[in-house]
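Participant: Could you have a look at this structure, given as structure tokens, before my questions?
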Amino acid sequence: MSRPRTHAEYLARLVPPSVAALPRRSLLAGAAGAGALLGTGLLAGCGGSDSGGSGGKTVSLGSNQSDPKPKDVIAKVMDGFQTSSGLQVAINTVDHNTFQENINNYLQGKPDDVFTWFAGYRMRFFAARGLAGDLTDVWGKLSGMSDAFKKASTGDDGKQYFVPSSYYPWAVFYRKSVWQQNGYQVPTTLDELTSLAGEMKKDGLNPIAFADKDGWPAMGTFDILNLRINGYQFHVDLMAGKESWTSDKVKKVFDTWRGLLPLHQPDSLGRTWQEAAQSLQQKKSGMYLLGLFVAQQFGDDEQDDLDFFTFPEIDPAIGAKALDAPIDGYMMARRPKSEENAKKLLEYLGSKAAADITVQNDPSTLVANTQADTSGYTALQRKAAELVGSATEIAQFLDRDTRPDFASTVIIPALQQFIKEPNDIDGLTSSIENQKKSIFTD
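Structure, rendered in structure tokens:
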């Protein structure tokens, strides 16, 4: 499954203190707004999960896949399940942004039996709070899942709470025809990237497409710069609150980014990722750092013209082998109408059959099941799979590798402030560190 429309408003802004064990000062004001949205039925769910009955022959699925392509793929996968199982699936599709904003209240109310979610910290966050069902027995029936995927699906208590379906790497995408026309070469160092961007500017292109209206895309830039400058271990320790944001290492990341900002598409805070991707598709931008889901914005006849390279090396001692490759999948409500039927659906979602349907219908993602028939992968998908396979370390993406409340209430506004005013790095990092201490010590 690809990364959908917006990922901007993060789950923890509406986490009630009783659930998140966080004081009110750590959360964004707006819980009342969540209740209002829930009251309209936008994310009320149709699971009725407090009932404990048999649930009949219908399983409800809460889906955040609201963009046309992933929404269509979900529907086809569910058709496959219905045909094979004799059960019905009621899909409750909600705009991704709304889903994210209200996920906490949703899970505490009457959520759908099964719902789309992510691996990493954000999965463990809900599992640790008893808001998700144990899927350990489902994992006992799955085949074609690697140990790495099982680890990514495991909570702090050693049980599995997640079934992965797909994943996708972040890289720098470009149109081969534009590069061939202008004689551009893939850069392998930051100096080469900067020089290339200068050439693109002279040729009338936006060197690097960029958008951060939704709050999350800039996280990808921070991630890759931190991975390239300071390495994987420092990055994950920083995300875990174990390193200081006022350190010279973090300041170097922002200073490097500041030097690259003039090469980025201007006015990014008013632009969605789709609009930035369309500037690449329309040959107005030369390259774009994003996930494989960028392919959604290209027509079927343009897929072969899309290519990528991994973000180049900055420090030779660290190299360029680490990357973001987020994992998407499914979880189960803590009390589904019928746990038996919900687990049948989850077993299917982790199967070769479901993965085969995804491969046949979505060129913008990679499937988790290793038994899937990937002969239908495009050249871009095959290259993406090779990139992930060659990575020495894989991060899940900033908002999945850290506390959700820290990502939403601190990092989003901080990065957007940096984009607007990149010269006060000391003030920026001090503010992040002070807020981090408040959140991570609660």
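Under the working numbering, think of the first position of the sequence shown as 21, with each following residue one higher. The beta carbon of each residue, even a glycine, is placed where N, CA and C say it ideally should be. The structure presented is a predicted model; accordingly, all values stated were derived computationally and were not measured.
Within a Cβ cutoff of 7 Å, which residues of the same chain sit near Thr209, ignoring the five residues on either side of it in sequence?
Facilitator: So the qualifying residues of the chain are Pro332, Glu333.
Participant: Do the region 220–229 and the region 280–291 meet, that is, are 3 or more Cβ pairs less than 8 Å apart?
Facilitator: yes
Participant: Nearest-angstrom Cα distance between Asp321 and Thr449?
Facilitator: So the alpha carbons of these two residues sit roughly 45 Å apart.
Participant: Got a sec? Which residues, its chain only, sit under 6 Å from Tyr368 by beta carbon, not counting five neighbours each side?
Facilitator: For Tyr368, where only same-chain residues beyond five positions count, the Cβ hits under 6 Å are Phe101, Ala374.
Participant: List the endpoints of the continuous beta strand (DSSP E) containing Leu326.
Facilitator: 326–329
Participant: Using only CA atoms, which one of Lys233, Phe274, Asn112 lies nearest to Arg291?
Facilitator: Lys233
Participant: Going by CA-CA distance only, name the one from Lys77, Gly82, Thr78 that's closest to Gly349.
Facilitator: Gly82
Participant: If you compare alpha carbons, which of Ala95, Gln85, Val109, Val97 is closest to Asn361?
Facilitator: Val109
Participant: Among Trp159, Leu435, Pro237, which has the Cα closest to the Cα of Ser451?
Facilitator: Looking at the Cα atoms, Leu435 is the closest of the given residues.
Participant: I'd like to check one pair, Ala427 with Tyr252: are the Cβ atoms closer than 8 Å?
Facilitator: no
Participant: Given a threshold of 16 other Cβ atoms within 10 Å of its Cβ, counted over all protein chains shown, does Asp87 qualify as buried or as exposed?
Facilitator: buried
Participant: Can you determine whether any heavy atom of the ligand FAD sits closer than 7 Å to the C-beta of Asn122, and answer yes or no?
Facilitator: For the structure depicted, the ligand FAD is absent and the ligand set is empty, with no information on it obtainable.
Participant: By the three-class DSSP mapping on this structure, what secondary structure does Phe101 have?
Facilitator: helix
Participant: Go through the region 347–409 residue by residue and report every complete run of the beta strand (DSSP E) that reaches 3 residues or more, in order.
Facilitator: 347–352
Participant: Starting from the C-beta of Gln380, find all residues in its chain whose C-beta is less than 7 Å away, skip the five residues before and the five after it, and write them out in chain order.
Facilitator: The answer, listed in chain order, is Gly396.
Participant: Let me check one thing: in DSSP terms, what residues is Phe135 bridge-paired to?
Facilitator: Gly82, Met351
Participant: Please report the Cβ distance between Ile432 and Gly235, rounded to the nearest whole angstrom; I am assuming they are in contact, meaning their Cβ atoms lie under 8 Å.
Facilitator: 4 Å
Participant: Please classify Phe169: does DSSP put it in a helix, a strand, or coil?
Facilitator: helix
Participant: Opposite Asn112 in the DSSP bridges: which residues?
Facilitator: Gly82
Participant: Let's test the definition: count the other Cβ atoms within 10 Å of the Cβ of Thr136 and tell me whether it reaches 16, buried, or not, exposed.
Facilitator: buried
Participant: Quick one: what does DSSP say Val198 is sitting in, helix, strand or coil?
Facilitator: helix
Participant: Check the DSSP bridge columns for Ala191 and list the partner residues they point to.
Facilitator: Leu310
Participant: For Glu359, does the count of other Cβ atoms within 10 angstroms reach 16, so buried, or fall short, so exposed?
Facilitator: It is buried - the Cβ of Glu359 has at least 16 other Cβ atoms within 10 Å.
Participant: Taking only the alpha-carbon atoms, compute the straight-line gap between Gly370 and Ala168 and give it to the nearest angstrom.
Facilitator: The C-alpha of Gly370 lies about 14 Å from the C-alpha of Ala168.
Participant: So, under 8 Å CB-CB, Asp243 and Asp335 are touching, yes? Tell me the CB distance rounded to an integer number of Å.
Facilitator: No, Asp243 and Asp335 are not in contact; Cβ-Cβ is about 16 Å, not under 8 Å.
Participant: Answer yes if the region 263–283 comes into contact with the region 176–195, meaning at least three C-beta pairs across the two stretches below 8 Å, and no otherwise.
Facilitator: no
Participant: How far does the beta strand (DSSP E) with Val217 in it extend, from its first residue to its last?
Facilitator: The residue asked about is misnamed: residue 217 is Ala in this sequence, not Val. Per DSSP, Ala217 is not a residue of any beta strand (DSSP E); the alpha helix (DSSP H) it occupies stretches across 210–222.
Participant: Could you give the uninterrupted runs of the beta strand (DSSP E) lying entirely in the region 218–267, keeping only those of 3 residues or more?
Facilitator: 226–229
Participant: When burial is assigned at 16 or more other CB atoms within 10 Å of the CB, is Thr330 buried or exposed?
Facilitator: buried
Participant: Check the DSSP bridge columns for Thr174 and list the partner residues they point to.
Facilitator: Gln180
Participant: What residue from Thr390, Ala353, Leu300 has the CA that sits closest to Leu127's CA?
Facilitator: Ala353
Participant: DSSP on Ala342, reduced to helix/strand/coil?
Facilitator: strand
Participant: Check whether the Cβ atoms of Arg195 and Gly175 sit closer than 8 Å, and answer yes or no.
Facilitator: In this structure, Gly175 does not lie closer than 8 Å to Arg195 by Cβ.
Participant: Could you name the residues of the same chain whose beta carbon sits closer than 6 Å to that of Ser197, not counting the 5 residues immediately before and after it, in chain order?
Facilitator: Cβ contact annotation for Ser197 (same chain, cutoff 6 Å, sequence separation greater than five): Asp325, in chain order.
Participant: Quick one: what's Glu333 bridged to in DSSP?
Facilitator: Thr209
Participant: Check whether the Cβ atoms of Pro237 and Trp190 lie closer than 8 Å to each other.
Facilitator: no
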